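Engineer:
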Amino acid sequence: MPQPCNVVVLLSGTGSNLQALIDSTGDGGNPARIAAVIANRSNAYGLQRARQAGIATQVLEHADFADRDAFDQALMQAIDSFAPQLVVLAGFMRILTPAFVRHYHGRLLNIHPSLLPRHKGLHTHQRALQAGDAEHGCTVHFVTEELDGGPLVVQAVVPVQSQDTAASLAQRVHTQEHHVYPLAVRWFAEGRLRLGDSGPLLDGNPLPATGYLINSKETPCAAP
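Numbering-wise, our numbering comes out as the position in the sequence shown, counting from 1, plus 845.
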């Protein structure tokens, strides 16, 4: 079995993706270990989820710092005190500085609620409906200095239904997020996923530009 892989999770809100990660690490064969959860809001419900699971927590209120650089420097110190191999953004509502992103190059993952590169930024479900998209979904990607622009690891595709609202579409996308984020984290923890010079590699093989594609009708656990 691979050595344990320490993971630090950053969040700002309810932490539903954190809960999916916590649940997945309960599998005895999963080497990912959530060492800490750090939030930039003291009232983030994700902190309670972490405490209930016996995971260390820390709060850094961004409003307490003079600027973004000062906050990110303090955040890096807090993260590095847990010596993680991987940092996971799980609804962390902050734009990170280039220095922060470079510091964690190749070991910083994010999940975005669209099929990147479509619909970067906010309000993705409503924008997908307004665009008349036949498919929507979510994307796990390595974080780079380009907002929502890093190399793609895995995408889950969700068909858009004629009666969909932004809320109903979001619900189905969230279900897929809770499958594919733990999958990508486990790949990394097992040493199967890494960021090479030319892009992400899974088991030493280059991933396509779309990342590994999962149709929502498939069982994500069946992914390699």
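Here a beta-carbon is modelled for each residue, glycine too, at the ideal position from N, C-alpha and C.
Owing to the predicted nature of the structure, the values given are computational and were not obtained by experimental measurement.
#1: What residue from 948, 999, 1018, 1015 has the CA that sits closest to residue 1045's CA?
#2: Can you confirm whether the stretch 1006–1019 touches the stretch 985–994 when touching is taken to mean that 3 or more C-beta pairs between the two stretches lie within less than 8 Å?
#3: Rounded to whole angstroms, what's the CA-CA distance from residue 848 to residue 876? Just pull it up for me.
#4: Taking C-alpha atoms, which residue in 964, 901, 983, 863 lies nearest to residue 923?
#5: Compute the distance between the beta-carbons of residue 980 and residue 1003, then report whether it is under 8 Å.
#6: Rounded to whole angstroms, what's the CA-CA distance from residue 865 to residue 976? Just pull it up for me.
#7: Taking contact to mean 3 or more Cβ pairs, one atom from each stretch, closer than 8 Å, check whether the stretch 869–889 and the stretch 946–958 are in contact.
#8: Based on the DSSP secondary-structure assignment, which residues constitute the bridge partners of residue 883?
#9: Return yes when the Cβ of residue 931 is within less than 8 Å of the Cβ of residue 1030, no when it is not.
#10: Have a look at 936, 941, 903 and flag the residue whose alpha-carbon is nearest the alpha-carbon of residue 927.
#11: Which residues in the same chain have their Cβ closer than 6 Å to the Cβ of residue 895, if we skip the five residues on either side of it in sequence?
#12: Are three or more beta carbon pairs between the stretch 907–920 and the stretch 935–946 nearer than 8 Å?
#13: Cβ of residue 856 within 8 Å of Cβ of residue 898?
#14: DSSP three-state label for residue 940, please.
#15: I'd like to confirm the pairing. Which residues does DSSP put opposite residue 1059 in its beta bridges?
#16: Take residue 1037 and list the residues in its own chain whose beta-carbon comes closer than 8 Å to its own, dropping the five residues that flank it on each side.
#17: Let's test the definition: count the other Cβ atoms within 10 Å of the Cβ of residue 964 and tell me whether it reaches 16, buried, or not, exposed.
#18: To which residues of the same chain is residue 1065 closer than 8 Å at the C-beta, ignoring the five residues directly before and after it?
#19: Does the Cβ-Cβ distance between residue 929 and residue 973 come in under 8 Å?
#20: Between the C-alpha atoms of residue 954 and residue 934, what's the straight-line distance to the nearest angstrom?
#21: By the 10 Å Cβ neighbour count, where 16 or more other Cβ atoms means buried, how is residue 960 classified, buried or exposed?
Structural biologist: So, from the listed chains and residues:
#1: As a working note, residue 1045 is residue 200 in the sequence shown. The candidate whose alpha carbon is nearest that of residue 1045 is 999.
#2: Judged by Cβ distances under 8 Å, the stretch 985–994 makes no contact with the stretch 1006–1019, as fewer than three pairs qualify.
#3: As a working mapping, residue 848 is identified with position 3 in the sequence shown. As a working mapping, residue 876 is identified with position 31 in the sequence shown. For residue 848 and residue 876, the distance between alpha carbons rounds to 6 Å.
#4: Here the question's residue 923 lines up with position 78 in the sequence shown. Here the closest residue by C-alpha is 901.
#5: Taking the sequence shown and counting its residues from 1, one reaches residue 980 at position 135. Taking the sequence shown and counting its residues from 1, one reaches residue 1003 at position 158. A contact, by the Cβ cut-off of 8 Å.
#6: Within the sequence shown, the letter at position 20 stands for residue 865. Within the sequence shown, the letter at position 131 stands for residue 976. C-alpha separation (whole angstroms): 30 Å.
#7: Contact between the stretch 869–889 and the stretch 946–958 is not established, with fewer than three Cβ pairs separated by less than 8 Å.
#8: The residue labelled residue 883 in the question sits at position 38 within the sequence shown. Residue 883 is bridged to 855, 903.
#9: Locating residue 1030 in the sequence shown gives position 185, where the first residue counts as 1. Locating residue 931 in the sequence shown gives position 86, where the first residue counts as 1. Yes, these two residues count as a Cβ contact at 8 Å.
#10: Taking the sequence shown and counting its residues from 1, the one referred to as residue 927 is at position 82. Measuring from the Cα of residue 927, the nearest candidate turns out to be 903.
#11: The sequence position of residue 895 within the sequence shown is 50, counting from 1. Answer for residue 895: 882, 902, listed in chain order.
#12: Output reads yes: the stretch 935–946 touches the stretch 907–920.
#13: Within the sequence shown, numbered from 1, the residue matching residue 856 stands at position 11. Within the sequence shown, numbered from 1, the residue matching residue 898 stands at position 53. Taking 8 Å as the Cβ cut-off, residue 856 and residue 898 do not qualify as a contacting pair.
#14: Numbered from 1 along the sequence shown, position 95 holds the residue referred to as residue 940. Assigned with DSSP and collapsed to three states, residue 940 falls in coil, not helix or strand.
#15: Along the sequence shown, read from residue 1 onward, the residue named residue 1059 stands at position 214. By DSSP's assignment, residue 1059 forms a beta bridge with 1001.
#16: Along the sequence shown, one-based indexing puts residue 1037 at 192. These residues qualify, in order along the chain: 1047, 1048.
#17: Here residue 964 corresponds to residue number 119 of the sequence shown, with the count starting at 1. With at least 16 other beta carbons inside 10 angstroms of its own, residue 964 counts as buried.
#18: As a first step, residue 1065 is located in the sequence shown; it is residue number 220 there, counting from the start. At residue 1065 the pLDDT is 47, less than 50, meaning the model places this residue with poor confidence and gives no usable figure here.
#19: To locate residue 929, count along the sequence shown from 1; it is residue 84. To locate residue 973, count along the sequence shown from 1; it is residue 128. In this structure, residue 973 does not lie closer than 8 Å to residue 929 by Cβ.
#20: Position 109 of the sequence shown, counted from the start, is the residue given in the question as residue 954. Position 89 of the sequence shown, counted from the start, is the residue given in the question as residue 934. Whole-angstrom Cα-Cα distance: 6 Å.
#21: The residue given as residue 960 occupies position 115 in the sequence shown. Buried, because 16 or more other Cβ atoms sit within 10 Å of the Cβ of residue 960.
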